[in-house]
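2 protein chains.
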Amino acid sequence: MKNKYVYSFHEGSKEMKALLGGKGANLAEMTNIGLPVPPGFTITTKACTRFYKEGQILWQELLDEVNIHLKELEQSLGKTFSNEENPLLLSVRSGSVYSMPGMMDTILNLGLNDISVEGLAKSTGNQRFAYDSYRRFIQMFADVAMGIPKIRFESLLEDKKEEKGVALDTELTAEDLKILVEEYKKVYYEEEGEPFPQEPIEQLKLSIKAVFESWNNPRAIVYRKLNDIPDDLGTAVNVQSMVFGNMGDMSGTGVAFTRNPASGENKIFGEFLINAQGEDVVAGVRTPRSISELKDLMPEIYEEFVASANKLEKHYKDMQDIEFTIEKGKLYLLQTRTGKRTIHAAINIAVDLVEEGLISKEEALLRIDPNQLDQLLHPTFEEKSLKSAKIIAKGLPASPGAASGKVYFHASDIVEAKEREEKTILVRQETSPEDIEGMVAAEGILTARGGMTSHAAVVARGMGKCCVAGCSEIRVDDEMKVIKAGELTINEGDYISIDGGSGMVYLGQVKKEQPELSGNFEKFMDWVDDIRILKVRANADTPRDAKQAVIFGAEGIGLCRTEHMFFADDRIPAVRRMIVSNSVELRQRALDELLPMQRKDFFEIYKAMGERPVTIRLLDPPLHEFLPSKVEDINKLADSMNLDYEELKDIIRELSEVNPMLGHRGCRIAITFPEIYRMQVRAIIEAALDIRKEGLNIVPEIMIPLIGDVNELKYVKNEIIEEIELVFMEYNDSIEYFIGTMIEVPRAAITADEIAKEADFFSFGTNDLTQMGFGYSRDDSGKFLNEYVEKEIFKKSPFEVIDRAGVGKLMEMAVDLGRKSKKDIHLGICGEHGGEPSSIEFCHDIGLDYVSCSPYRVPIARLAAAQAVLKEKLNI
Amino acid sequence: MKNKYVYSFHEGSKEMKALLGGKGANLAEMTNIGLPVPPGFTITTKACTRFYKEGQILWQELLDEVNIHLKELEQSLGKTFSNEENPLLLSVRSGSVYSMPGMMDTILNLGLNDISVEGLAKSTGNQRFAYDSYRRFIQMFADVAMGIPKIRFESLLEDKKEEKGVALDTELTAEDLKILVEEYKKVYYEEEGEPFPQEPIEQLKLSIKAVFESWNNPRAIVYRKLNDIPDDLGTAVNVQSMVFGNMGDMSGTGVAFTRNPASGENKIFGEFLINAQGEDVVAGVRTPRSISELKDLMPEIYEEFVASANKLEKHYKDMQDIEFTIEKGKLYLLQTRTGKRTIHAAINIAVDLVEEGLISKEEALLRIDPNQLDQLLHPTFEEKSLKSAKIIAKGLPASPGAASGKVYFHASDIVEAKEREEKTILVRQETSPEDIEGMVAAEGILTARGGMTSHAAVVARGMGKCCVAGCSEIRVDDEMKVIKAGELTINEGDYISIDGGSGMVYLGQVKKEQPELSGNFEKFMDWVDDIRILKVRANADTPRDAKQAVIFGAEGIGLCRTEHMFFADDRIPAVRRMIVSNSVELRQRALDELLPMQRKDFFEIYKAMGERPVTIRLLDPPLHEFLPSKVEDINKLADSMNLDYEELKDIIRELSEVNPMLGHRGCRIAITFPEIYRMQVRAIIEAALDIRKEGLNIVPEIMIPLIGDVNELKYVKNEIIEEIELVFMEYNDSIEYFIGTMIEVPRAAITADEIAKEADFFSFGTNDLTQMGFGYSRDDSGKFLNEYVEKEIFKKSPFEVIDRAGVGKLMEMAVDLGRKSKKDIHLGICGEHGGEPSSIEFCHDIGLDYVSCSPYRVPIARLAAAQAVLKEKLNI
């Protein structure tokens, strides 16, 4: 079947997604399990890739194949193209392997021309409907296939309504629409220099081409990049006979989920419009009605729909998102797909499906995208702050979460504001795929129009971004850049807050708080913890972080950065004096001031963590990072040290470096000024000895950063152990402790066998390992790494996802060499990658003992770790 | 013989150096070939290491063994300790495996006490001599064994001379000395609380201990560090019966070389003193006489000495440095060792020895330290002028040579002074690429900051220009245009002299001498070239450098840095306009101006190199390095671009980076601005096509810097080949060319298999590979790397000598992976290490095809490459 590019629905199945696209495969599957699907066929994704390979031309054999299927279609339906009685009309839709909602093009009512419009009028007995369809088709075809601006047609429609003194399209008569059709055709001729094509085959050919081409429209490219969809997959084209939801009151159209996509509740959830086409629901022009109302309006149809929905869910073993149309009292299913859902719903559904016996726990775990858990952990507005917050309006709770930010009306303004590090809310009448980049950059999205399945709502949920949609109480003027809400005027740059869980919109900024995690979440995470092998720790520098980490299930602290403590207001003066001291005595005096504060830090952190392991990294950044740059601060410091301004300025200048990332930092500082680490180690050990009196047995893990050579480690370790022995003597007591090192310098990875001899544990610092392995400064590489991704030199920035071929290879070397020297050396990761699912999978694969990440990513890491086990088992 | 710690001279041999030390082994060897050596024995280095292991105590078995040998000695000489007639007197000397002249301790005349002093007087018939010896012994023993300051004794001597109204020690009578001896003993008692030990065995025991302990005196430790001598070898102790050169006019002592150590001339060269002890020669108190005068004074002794010297040279097959003493008309040899010599003499001696049939060519090659060749190629300060020169400070010997000139602080001032035909020294805090023209115009460069691989050092070495870097003892104020060095102030226009071989900085002008390259040098280098396998290329950026490289025997250019050409006065304006252009068109216009200049550069370089291969590296440094920093320069550039000052300032600020070393440079620039490399490649290819008309077939090797991922290489290569194809079309002609890459990013080494698929050659950029492998910024690490070496964390800075365990391992990986993908990939090195002998040996060992280094290091590299072959063959 090498050269077969077209498949009837009855020839396909849901397993043929790669070839037929998601929509095509599901249409075929639904057809084959006996659900009422309007007949049609699918042109494969392989045809699309061939189309691009051959210079974007449709080849004759493809057209021949399409023709054969058209004939079949005509025969099975008893309809033909350009028929005056009962014409064949088609929808032409894109359908890629991965869902890309609204990103690509669709053409409806294809086949309408000056003859078949009359046939449609006859067959439906509704001339007005026929001409309205013809009008819509011309506009859609002109827009999608020929690129003629919609506004050219819309203004004619507006003119006509004005001329007739009516407000709604539906108030125009068949005659009005007939005239409009002629005007539309004239516009088409003006734009194209050719008449509107009357030949349906010609229409179809141009439409197929347009759908293929829409694979590479800019918004589709952006969407694929955002969603990690490969660019070379191509889209299928689904050609399907039309059914009409706008044939009167026994017709309608809708979208429904088999379970609630926000809460996961096992109850059909959806919306429909009577006497409307599908686009009306999606566009949110009319406010749709809840699916439950259909029960009263058309009980039989409702029953049939519910039965079909249940059948689909059982068949697919997952919650389905179904599009349907009722044509003159007959139900048609136009599409089914796995329904998008909030993470909250996803967890509830996954747990319910397991309990319903439909799927296994393992399947449930694999269904949740770990990154989505993030949403669960996002803050909500604090109850009591809400009480005093001024409500502006209420819209639909389209995507959960809470966000405050400055109001902007255009995606580009949002992007610019983001560069200024402003938090923003994108406010639009309704969003369109063109707004994608603004949606990514904004904290939240507010639209005045559109329902729960509008573009804004669907896309925001996918992103896990807070969204309030269809907030009809506000008026958005994006020209004047104002929101009007009753008496209230909100200008660009004003702060608002939106609650995607309640749909409320508030004036100003509202204080946020942490969410509570549901019982299903806990059950789910228990399953996760049963399966995973990797331990999950958190990077936490404060008792507050440590507490949060424990709440999220952290099994220890993998990275406690002592330098963050140095920046506190009460400490920075002593830190600065310590740094600019020109003698060991002066430095020691400043360190003596810091000691009790550091000891208290550690004491509190130990307390928060109970007896969970705590890895404390000794001072890492270059000292000059702590020094003041403002004149007044320099003066203050100079005064406190009896130096004059210029002297101190000189010292600061002396400490500055050309490449601070590769400069005097980490263990290098400890080699020059051993007294700094000695103070820190003393604080660590004293705090552990002190807390033992409260019954906690702490085994501190002391981590030395930036080791590149085993001799550095030996030297620093010597110093540290000497100090620890002193403390033990003073306390006349001792405790167990470990000394380990970061593996973050490439040379450390390469010589890990030597280093392991001196280290109880390794913790991979993949941020620095990436910086030095690639030679990319994180601070400077942004400007060219974006270009690398755009030019497809890299798929992802190596700072986001571990570069397995390079940095990963260094890690593997270090693991192998380290274990060769010390079989039971404890291995972890504490770089940013420790909270990124694909990197966590890699850490599992190379056999690390734990990952450590920010507290908010701990649940994500737990799930990713469990999935890594399952993927390994299933070899996926 | 596990527990044998003492060897008589007749029990040892020259092969037992590790056990007996150099001196002991040679004394044994001389004894055994029948030369007149005063009898004695050697306590082994193993005894010394056991001494340190056992808490610095002499164990009884050792003392017993010493006693046995003492008895033997007494028997063979017919002398005994504390004998009133003919007492046994001993010298006790250190003797380590490697020569450490004057670093450790020696005690002479051991055995003298109140009784044996009379015996000595009797046996020599010279009471004065006996008491003088006793006096000296007490002082030496007190100093060396007990740590009593010499001044305590010397002041008594001075008092005595004053009292007696005499100027010289020799004018004191036996009676005076007798009194002095009593006074010395009193001082000893005062200091030690015990009388001066009269028991010779006790004296010997304390002396052996003192010699062992002197292994770890501070100056010995420093010397070992400077000369790469391991700390754990320990010293042997040679106990030898005394002979006296101060027993009247038929006695004497001297030092002689079997050949001239300065010129290599095959004629005994040395000095002696009549009626003196060896220490008098070394101390230089009396002016010694030339050895040739001995012929007249004591013809028989002279003949015997010459015969012995010849015998020794033939026996050791190398020029010897011999100590001798004549006691009452009898010759004794006290020591022989391989004589130190200038590189000039070394080459002449090596060649002569080969021609005399004493050694093979291979042996001759192994005898020359490649680093020493450097001296042959640069002027040096005249020895005797140096003696009177005032030392200002000492910095790092960054680039060899000697230079005197007027001090200037700015490159532009240097250039102007050069126009006035002044000789100048550029003095900077540290240099930057902006200083290049000043560096070219100056005689030498002095910087207060930066290490051996700082910008100043690297560039100066490349130019063969004298440079002292990192001279932290001076403060450079380039605003006030002064150098402060302690009390001293040096103003602009004052003369200083710098020695890039020693790091010394002198006030005023010091007379220089030019080296001459002898015929023997050429002969020697021919042998070198016959043996070596590694090719040697030069790093050369200009036709002048290229010519110099060819003179020194370079077989091609391994690194032609195109950026250095960008700094010339006639180019920098266009370069700057190119950089700050905000459109491709403007940038292209600036590049169009640069094209003919670059083409001419390459044309001239090809011409200078004949058909030798030339590797040209495309633009490497971050663009901001080319931008002006001074207000007037910014203004000038702004004017030329119709920008105002602030606009341009903003652009410059925008381009600056936090860590430029890891920033937007190398191939990363080419990915953002492909037109830059396109211009350069066009110039390379056009020049090669042009020069073909002159009959030269050039096969350019185009090298892309900073590749970390094969996709970077693919992208840039694509662009380059496109441009080359354009040039071929325009010329209607084509040539062969290669495209390769630097391996300087750790990730490139790790993924070299992938990269090799796209590269014709690899050139290791070990400077960057070291920077990124260790995470040490070359510009910043100077301040802590010095400390690393002092604290013995590193033996050598990895920027000086390739770090085999880490950076070297990366290189080996790259070689293996590269060859696995492409069997015949051409491999070289162009980092600074390419001119460092031990690194060159490593390059040979891992199978590189060539090394490339600065022209002035080419002869060094050639020799090191040959030695690598020999060492491999001999497995040393």
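Going down the list, the sequences are from chains B and Y.
Residues in the first sequence are numbered from 39 upward in steps of one, following our numbering.
Residues in the second sequence are numbered from 39 upward in steps of one, following our numbering.
Glycine included, each C-beta is placed from N, C-alpha and C at the ideal position.
What first and last residue would you give for the alpha helix (DSSP H) that runs through residue i?
i: B:Ile106; result: 98–115
i: Y:Gln410; result: 408–415
Residues of chain Y with a CB under 7 Å from the CB of residue i: which are they?
i: B:Asp818; result: Glu695, Val696, Asn697, Leu700, Gly701, His702
i: B:Gly746; result: Phe812, Gly813
i: B:Arg706; result: Phe822
Chain B partners of residue i, CB-CB under 7 Å?
i: Y:Met810; result: Pro784, Met810, Gly813
i: Y:Thr710; result: Phe822, Glu825
i: Y:Glu750; result: Ile831
i: Y:Ala843; result: Thr789
i: Y:Glu88; result: Per the sequence shown, the amino acid found at residue 88 of chain Y is Arg instead of Glu. Within chain B, no residue comes near Y:Arg88; the closest Cβ sits about 25 Å away, beyond 7 Å.
Identify, in the order they occur along the chain, each residue of the same chain with its Cβ nearer than 7 Å to the Cβ of residue i, setting aside the five sequence neighbours on each side.
i: B:Ser252; result: Ser132, Met142, Asp143, Ala258
i: B:Lys188; result: Gln177, Asp181
i: B:Ser470; result: His493
Could you tell me the boundaries of the beta strand (DSSP E) in which residue i lies?
i: Y:Pro634; result: Unbroken run through Y:Pro634 is the alpha helix (DSSP H), 622–647; no beta strand (DSSP E).
i: Y:His353; result: Per DSSP, Y:His353 belongs to no beta strand (DSSP E); it is in the alpha helix (DSSP H), 337–354.
i: Y:Met699; result: Per DSSP, Y:Met699 belongs to no beta strand (DSSP E) and is neither H nor E.
i: Y:Ser423; result: Premise fails: Y:Ser423 lies in the alpha helix (DSSP H), 421–426, not in any beta strand (DSSP E).
Confirm, please, whether the CB-CB distance from residue j to residue i is below 8 Å.
i: Y:Gly62; j: Y:Asn276; result: yes
i: Y:His871; j: Y:Asp887; result: no
i: Y:Glu642; j: Y:Pro581; result: yes
i: Y:Gly488; j: Y:Gly502; result: no
i: Y:Ala726; j: Y:Pro738; result: yes
i: B:Leu572; j: B:Val506; result: no
i: B:Thr380; j: B:Tyr354; result: no
i: B:Thr69; j: B:Ala274; result: no
What residues of chain Y sit near residue i, judged by a beta carbon separation below 9 Å?
i: B:Leu848; result: Pro784, Arg785, Ile788
Is residue i buried or exposed, if buried means 16 or more other CB atoms sit within 10 Å of its CB?
i: Y:Asn697; result: buried
i: Y:His48; result: exposed
i: Y:Leu264; result: exposed
Excluding sequence positions up to five away, which residues of its chain have a Cβ less than 6 Å from the Cβ of residue i?
i: Y:Leu350; result: Gln358, Thr374
i: B:Val930; result: Residue 930 of chain B is absent from the model: chain B starts at 39 and stops at 914.
i: B:Ser835; result: Leu823
Which bits of chain B does residue i rub up against, with CB to CB less than 8 Å?
i: Y:Tyr753; result: Lys829, Ile831
Short of 8 Å in beta carbon distance, which residues of its chain neighbour residue i, apart from the five on each side in sequence? Order them along the chain.
i: Y:Leu115; result: Pro77, Leu126, Ser279
i: B:Arg574; result: What sits at residue 574 of chain B in the sequence shown is Val, not Arg. Here the set comprises Gly591, Ala592, Glu593, Tyr888, Val889, Ser890, Cys891, Val896, Ala899, Arg900, Ala903.
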